[in-house]
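Residue numbers (this note's numbering), protein chains in the order written: chain D, 1 to 113; chain H, 1001 to 1108. Don't be surprised by glycine CBs; every beta carbon is placed ideally from N, CA and C. This report concerns only the one structure given below.
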Amino acid sequence: SAVISQKPSRDICQRGTSLTIQCQVDSQVTMMFWYRQQPGQSLTLIATANQGSEATYESGFVIDKFPISRPNLTFSTLTVSNMSPEDSSIYLCSGGSGSYEQYFGPGTRLTVT
Amino acid sequence: RKEVEQDPGPFNVPEGATVAFNCTYSNSASQSFFWYRQDCRKEPKLLMSVYSSGNEDGRFTAQLNRASQYISLLIRDSKLSDSATYLCVVTGYSTLTFGKGTMLLVSP
């Protein structure tokens, strides 16, 4: 299993600013993902964080808006850029090996005013 | 057709009831299947994997029908602590696709 932590756990930000969320895994994992979960909704995959290369984004998500870094097998960051109120959501990272079990961080609750 | 579809909820059941959740998926090349549980304001956690042969873990039974692209979860003898949202998850090579989830409310 893997234990995943995220920082910050929550934040309130003004529109037009950017926030970087950190995700730390306590062991090396092959895959790391970033998700968004809006109130009452299921999880939507934003991107796969690739170690040492550019992230792979899902339809509707672009690098300029959600730049992602993954410098090693245990750490990744997601930046939410030029925020608007529509970006208010819970952002979760997960880690695991391929298509097997994914472990989730506790999430970052973002409110944009 | 959505990639992963689940029964709309919520399901309101009394303690001790048996409840079944259904899930269908559209990609016949999907590789692995899971049920996750998400408590209110918490992250999802794996409940159980789903195999073609079916698998059981205590009060929980999961089944997969690849021909029909259908997954089910059966909960017997429901407990108050089973109240949560149950997410059907289907994976391909490197991604997971989540269903919208079905909320279960178990009442005394």
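**Message:** Just verifying my parser: in three-state terms, what is the DSSP assignment at Leu-73(D)?
**Reply:** DSSP, read as helix, strand or coil, puts Leu-73(D) in coil.
**Request:** Report yes if the CB atom of Leu-1087(H) is closer than 7 Å to the CB atom of Gln-1031(H), and no otherwise.
**Result:** At a Cβ-Cβ threshold of 7 Å, Leu-1087(H) and Gln-1031(H) do not count as neighbours.
**Chain-ordered chain D contacts of Gly-1101(H) [CB-CB under 7 Å]** = The answer, in chain order, is Ser-42.
**Asked** Hey, quick one: how far does the beta strand (DSSP E) through Pro-1014(H) stretch, first residue to last?
**Response** Element bounds for Pro-1014(H): 1011-1014.
**Prompt:** If we count the other Cβ atoms within 10 Å of its Cβ and call it buried at 16 or more, is Arg-10(D) buried or exposed?
**Reply:** Residue burial is scored here from C-beta neighbours: Arg-10(D) has fewer than 16 other C-beta atoms within 10 angstroms and is therefore classed as exposed.
**Request:** Pull up the distance between the alpha-carbon of Phe-75(D) and that of Glu-1005(H), whole angstroms please.
**Result:** Rounded to whole angstroms, Phe-75(D) to Glu-1005(H) spans 32 Å at the Cα level.
**Request:** Under 9 Å between beta-carbons, which chain H residues line up against Gly-107(D)? List them in chain order, please.
**Result:** Arg-1041, Lys-1042 and Glu-1043, listed in chain order.
**Request:** Name the one or two DSSP bridge partners that Gln-51(D) has.
**Result:** In the DSSP output, where bridge partners are listed per residue, Gln-51(D) has none listed.
**Item:** Residue-chain proximity (Ser-1073(H), chain D), Cβ-Cβ < 7 Å
**Value:** Looking at the sequence shown, residue 1073(H) is not Ser but Leu. No - not a single Cβ of chain D is within 7 Å of the one on Leu-1073(H).
**Request:** Could you tell me the distance, in whole angstroms, from the CA atom of Ile-63(D) to the CA atom of Thr-1097(H)?
**Result:** The alpha-carbon atoms of Ile-63(D) and Thr-1097(H) are separated by roughly 21 Å.
**Nearest candidate by alpha-carbon position, reference Thr-20(D), set Met-83(D), Thr-77(D) and Arg-109(D)** = Per the Cα distances, Thr-77(D).
**Request:** Rounded to whole angstroms, what's the CA-CA distance from Pro-1014(H) to Ser-1107(H)? Just pull it up for me.
**Result:** When only Cα atoms are considered, Pro-1014(H) and Ser-1107(H) end up about 5 Å apart.
**Prompt:** According to the neighbour-count rule (16 or more other Cβ atoms, all chains shown, within 10 Å of its Cβ), is Pro-1044(H) buried or exposed?
**Reply:** Pro-1044(H) comes out buried.
**Prompt:** Helix, strand or coil for Glu-1005(H) per DSSP?
**Reply:** Glu-1005(H): strand per DSSP, three-state reduction.
**Message:** Which same chain residues end up closer than 8 Å to Gln-102(D) when comparing Cβ atoms and leaving out the 5 residues on each side of it in sequence?
**Reply:** Only Met-31, Phe-33, Ser-94, Gly-95 and Gly-96 meet the Cβ criterion.
**Asked** Should the region 53-68 of chain D be called in touch with the region 103-113 of chain D, which here means at least 3 C-beta pairs below 8 Å?
**Response** These segments do not touch.
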